[in-house]
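Step one of this worksheet: look at the structure below.
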Amino acid sequence: MVTAETIKKVEMSATILVSAPTLAEAGQEVLRAEGCRVIFTSRQGGTEEMLQHLRREAVDGVISRTLPFDAQAFAAAGSSLKLISRHGVGFDNVDIATATERGVPVLIAPAGNGQSIAELTMALMLAAARRVATQNAGIQAGNVDFR
0 MVTAETIKKV EMSATILVSA PTLAEAGQEV LRAEGCRVIF TSRQGGTEEM
50 LQHLRREAVD GVISRTLPFD AQAFAAAGSS LKLISRHGVG FDNVDIATAT
100 ERGVPVLIAP AGNGQSIAEL TMALMLAAAR RVATQNAGIQ AGNVDFR
């Protein structure tokens, strides 16, 4: 269970690794305002670049996007890693067993995509009701005489 005490482990002058080349400006502002040093991986670097950062830096926290954070990543991070925050609702790219073994909490944003899911659901219902896929296939095939 993540408590306020657990989160306080990550000092706000911490080094944070974002396993992606970008993070929303609002998120960056929060981290900068608290004195955090933020490191990003490049688009091309992938897992190997993330592992290099983890080996080279004393990373306190990771904002995990899509790269896998497995036992190898935990080993590369060493004992400095205190927290992983998933940028999303799931945690299937994080080795939860290793995180638990090392006492590293993994946070998610469980309601982060609720509006997007509702919007997509409405769009799919409208597309089905209006037969958008069938209509598009007909037009692509050059058949404009159907309804």
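Take numbering that gives the first Met the number 0: the last position of the sequence shown gets the number 146, and nothing is skipped along the way.
C-beta atoms are modelled at their ideal positions from N, C-alpha and C, and glycine is treated no differently.
The bridge partners DSSP lists for serine 63 are Arg85.
Taken through DSSP and simplified to helix, strand or coil, isoleucine 38 comes out as strand. Between the alpha carbons of serine 78 and alanine 117 lies a gap of roughly 41 Å.
Annotation for arginine 42: Pro20 place their beta carbon closer than 6 Å to its own, counting only its chain and skipping 5 residues before and after. Looking from the CA of leucine 16, the closest CA among Gly26, Leu53, Gly34, Thr65 belongs to Leu53.
Shown here, isoleucine 107 sits in coil according to DSSP, grouped into three states, outside any helix or strand.
Straight across, the Cα-Cα distance linking glutamate 28 with alanine 13 is about 14 Å.
In the structure shown, leucine 16 adopts extended strand secondary structure according to DSSP, grouped into three states. Put simply, the backbone Cα of valine 143 is about 7 Å away from that of glycine 137.
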